[in-house]
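Reading through the structure tokens given below for one structure.
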Amino acid sequence: MAMKKFTWRYLSGHRRKGVSFYECRIVGRVDSEMLFFLPKKIRSKIAGKNVTLATLLDLWVCILIVAILATLGVAVSEKIAFRDALWQVWQTITTVGYGDGPAKSDIGRGVTVLYSVAGIVLFGKLISVHSDYREEQRRARRYGSMKNPEVNGYVILRFPGETNLLTLVSELRKGHPEVPICVVDPILEELPQSVQLIQGLHYVRGSLLSRDTYAQAAIAQSKQIIIFPDHAQGSEADATTRTVLELVENVTTKKVPIIFVLADTANLWMFDGCHAKAIHANVEVLLIAQECEDPSSAAAIQSMLSNLQGANPKTVSVTAALHGVAWGDMASRFPKACQSIGVKASPLALVRDECPNHLPDFDTKLGPGDEIILLVTGDVPWSTLEAALIR
Numbered sequence: 458m459a460m461k462k463f464t465w466r467y468l469s470g471h472r473r474k475g476v477s478f479y480e481c482r483i484v485g486r487v488d489s490e491m492l493f494f495l496p497k498k499i500r501s502k503i504a505g506k507n508v509t510l511a512t513l514l515d516l517w518v519c520i521l522i523v524a525i526l527a528t529l530g531v532a533v534s535e536k537i538a539f540r541d542a543l544w545q546v547w548q549t550i551t552t553v554g555y556g557d558g559p560a561k562s563d564i565g566r567g568v569t570v571l572y573s574v575a576g577i578v579l580f581g582k583l584i585s586v587h588s589d590y591r592e593e594q595r596r597a598r599r600y601g602s603m604k605n606p607e608v609n610g611y612v613i614l615r616f617p618g619e620t621n622l623l624t625l626v627s628e629l630r631k632g633h634p635e636v637p638i639c640v641v642d643p644i645l646e647e648l649p650q651s652v653q654l655i656q657g658l659h660y661v662r663g664s665l666l667s668r669d670t671y672a673q674a675a676i677a678q679s680k681q682i683i684i685f686p687d688h689a690q691g692s693e694a695d696a697t698t699r700t701v702l703e704l705v706e707n708v709t710t711k712k713v714p715i716i717f718v719l720a721d722t723a724n725l726w727m728f729d730g731c732h733a734k735a736i737h738a739n740v741e742v743l744l745i746a747q748e749c750e751d752p753s754s755a756a757a758i759q760s761m762l763s764n765l766q767g768a769n770p771k772t773v774s775v776t777a778a779l780h781g782v783a784w785g786d787m788a789s790r791f792p793k794a795c796q797s798i799g800v801k802a803s804p805l806a807l808v809r810d811e812c813p814n815h816l817p818d819f820d821t822k823l824g825p826g827d828e829i830i831l832l833v834t835g836d837v838p839w840s841t842l843e844a845a846l847i848r
């Protein structure tokens, strides 16, 4: 059986658009069929093209084979039970050395010398390769060459800036502390240091015009997709966002909600027919203008939008129980219904055909497909509240 020949290769001065970094990794020269004792097909299925991970798997296989052969050798030469021989081999290979079953025959001692040396070498190599693998994982995550290992999380297309990303992550994780987040960007060299410290946040570097990038980010299995505009201004930024949005819709299903940031409100027509929802990029400017016109109102709106404090918006679907009920009647019953079940909530807007109306006519009848945006504190059992509204 052909054995793998290990060599070290030191890669220095490697540059990615002006950024220099160094890395040291194990590179194996292998034949076409075997890498140590692990069959090629199994190795490819488990480790893919990751040479370090394949080497790690091979070392475990080697240790297992050495342990089995050594156990058989000790059991035969010492004339002891297999389980006793296995116990003796384990404590010798791992250098624990309890000494409660040392070899007594010359053959047994010779076998012990051979497998103990082999075990020490293999375990030493295992620790070294495992450290290399961990370092590769950290480097891959830092530079965006690692596939997103999580599903059912948020995927953010284009890096919105360090401060904006940190704020967004803290908001998203207020209600779901461990939800995974993946950032995809075509030009970001590496994750900022403050972002690297966030657990469960991954980075994929690649073109947003490439299907491979979306596969790398596991975008089809995501919980929600957020698209930020590129660094271009106005129409150019929104036109690029429209292109990315079309590609995203091609590789996902309509069940995956998409949000995009609109650079210029005049370009909303570009997104006609899309199932995504637009968020205006100049919301902070609107809040400033609102504060100038009506002092303290901007603070109230900002508190409402934040998941970190105050009451939060929550959208609920109107079921058959409220069909035909006028908005005014529903709103007038709301305080008493909330008090009866011990919750704090207030109707904020009626959503019909995805268009929110904050001040619908009192005689507007609720019907199929309608939604109500509530202003709530904590969690509101909508089905229970809905039943209280029709009593």
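For the sequence shown, position 358 (counting from the first letter as 1) is numbered 815 according to our numbering, and the numbering increases by one without interruption. For each residue, glycine too, the CB sits at the ideal point set by N, CA and C. What you are looking at is a predicted structure, and each value in this text was computed from that prediction instead of being measured.
Open item on the list: Rounding to the nearest angstrom, what Cα-Cα distance links I671 and V523 in this structure?
Closed with: If you number the sequence shown from 1, residue 671 lands on position 214. If you number the sequence shown from 1, residue 523 lands on position 66. In the sequence as presented, Ile is not what sits at residue 671; that position holds Tyr. Looking at the two C-alpha atoms, the distance is approximately 43 Å.
Open item on the list: I'd like the list of long-range same chain contacts for V546, defined as Cβ closer than 7 Å, with 5 residues on each side in sequence excluded.
Closed with: Start at 1 with the first residue of the sequence shown, and residue 546 comes out as number 89. Beyond the five residues adjoining it in sequence on each side, V546 comes within less than 7 Å, by CB distance, of A524, A527, T528, V531, Y572 in the same chain, given in chain order.
Task: Candidates T710, S692, T841: closest to L719 by CA position - done: Residue mapping note: residue 719 aligns to position 262 of the sequence shown, counting from 1. Across the set T710, S692, T841, the C-alpha of S692 shows the shortest separation from the C-alpha of L719.
Open item on the list: So if DSSP puts E828 in a beta bridge, which residue, or which two residues, is it bridged to?
Closed with: As a position in the sequence shown, residue 828 is number 371, starting the count at 1. Its beta-bridge partners are S774, V808.
TODO: Round the Cβ separation of V641 and V612 to the nearest angstrom and send it over; I've been treating them as touching at under 8 Å.
DONE: Counting from one through the sequence shown, the residue named residue 641 turns up at place 184. Counting from one through the sequence shown, the residue named residue 612 turns up at place 155. Contact between V641 and V612 is confirmed by a C-beta separation of about 6 Å, below the 8 Å threshold.
Open item on the list: Between A783 and L842, how many whole angstroms is the CB-CB distance? I'm expecting something under 8 Å.
Closed with: Taking the first residue of the sequence shown as 1, we reach residue 783 at position 326. Taking the first residue of the sequence shown as 1, we reach residue 842 at position 385. Actually they are not in contact, since the Cβ atoms of A783 and L842 sit about 18 Å apart, beyond 8 Å.
Open item on the list: Can you tell me which residues form a DSSP beta bridge with V708?
Closed with: As a position in the sequence shown, residue 708 is number 251, starting the count at 1. Partner(s): none; V708 has no beta bridge.
Task: Within 9 Å, strictly: CB atoms of F728 and I683 - done: By 1-based counting over the sequence shown, the position of residue 728 is 271. By 1-based counting over the sequence shown, the position of residue 683 is 226. Contact check for F728 against I683 fails: the beta carbons are separated by 9 Å or more.
- [ ] Determine the burial state of L762: buried for a count of at least 16 other Cβ atoms within 10 Å of its Cβ, exposed for fewer.
- [x] Here residue 762 refers to the residue found at position 305 of the sequence shown. That one is exposed.
Task: Three-way DSSP call (helix, strand, coil) for Q673 in this model - done: The count along the sequence shown starts at 1 and reaches residue 673 at position 216. Looking at Q673 - three-state DSSP - the assignment turns out to be helix.
Open item on the list: Looking only at its chain, what residues have a beta carbon closer than 6 Å to the beta carbon of A674, apart from the 5 residues adjacent to it on each side?
Closed with: Position 217 of the sequence shown, counted from the first residue, corresponds to residue 674. Within the same chain, N605, V612, C639, V641, V661 come within 6 Å of A674 by CB-CB distance, once the 5 residues on both sides are set aside.
Task: Contact check, T709 vs A677, beta carbons under 9 Å - done: As a working mapping, residue 709 is identified with position 252 in the sequence shown. As a working mapping, residue 677 is identified with position 220 in the sequence shown. A contact, by the Cβ cut-off of 9 Å.
Open item on the list: Just to confirm the assignment, what range does the beta strand (DSSP E) spanning A844 have?
Closed with: By 1-based counting over the sequence shown, the position of residue 844 is 387. Unbroken run through A844 is the alpha helix (DSSP H), 839-846; no beta strand (DSSP E).
- [ ] Could you name each continuous alpha helix (DSSP H) segment of 4 residues or more that falls completely within the region 534-604, going from the start of the chain to the end?
- [x] Counting only runs of 4 or more, we get 539-550, 563-600.
TODO: Tell me whether C749 is buried or exposed, calling it buried when 16 or more other Cβ atoms sit within 10 Å of its Cβ.
DONE: Position 292 of the sequence shown holds residue 749. C749 sits exposed, since fewer than 16 C-beta atoms from the chains shown fall within 10 Å of its C-beta.
TODO: Could you tell me the boundaries of the alpha helix (DSSP H) in which F616 lies?
DONE: Here residue 616 is taken as the residue at index 159 of the sequence shown, counted from 1. Boundaries for F616: no alpha helix (DSSP H) harbours it, and the DSSP string shows neither H nor E there.
Open item on the list: Taking only three categories from DSSP, how would you classify F717?
Closed with: If you number the sequence shown from 1, residue 717 lands on position 260. Three-state result, F717: strand.
Task: 6 Å CB neighbourhood of A788 in its chain, flanking five on each side removed - done: Taking the first residue of the sequence shown as 1, we reach residue 788 at position 331. Within the same chain, and ignoring the five residues on either side of A788 in sequence, the residues whose Cβ sits closer than 6 Å to its Cβ are P804.
Task: Which of helix, strand or coil DSSP assigns to A755 - done: Counted from its first residue, the sequence shown places residue 755 at position 298. In the structure shown, A755 adopts helical secondary structure according to DSSP, grouped into three states.
- [ ] Return the chain-ordered list of same chain residues with a C-beta closer than 7 Å to the C-beta of L832, the five sequence neighbours on each side being excluded.
- [x] Reading the sequence shown from its first residue, position 375 is the one you call residue 832. For L832, where only same-chain residues beyond five positions count, the Cβ hits under 7 Å are M761, A768, P770, A802, S803, L805.
Open item on the list: Among the candidates A733, C812, I758, C731, whose CA atom is the shortest distance from the CA of L744?
Closed with: Residue mapping note: residue 744 aligns to position 287 of the sequence shown, counting from 1. Ranking the options by Cα distance to L744, first place goes to I758.
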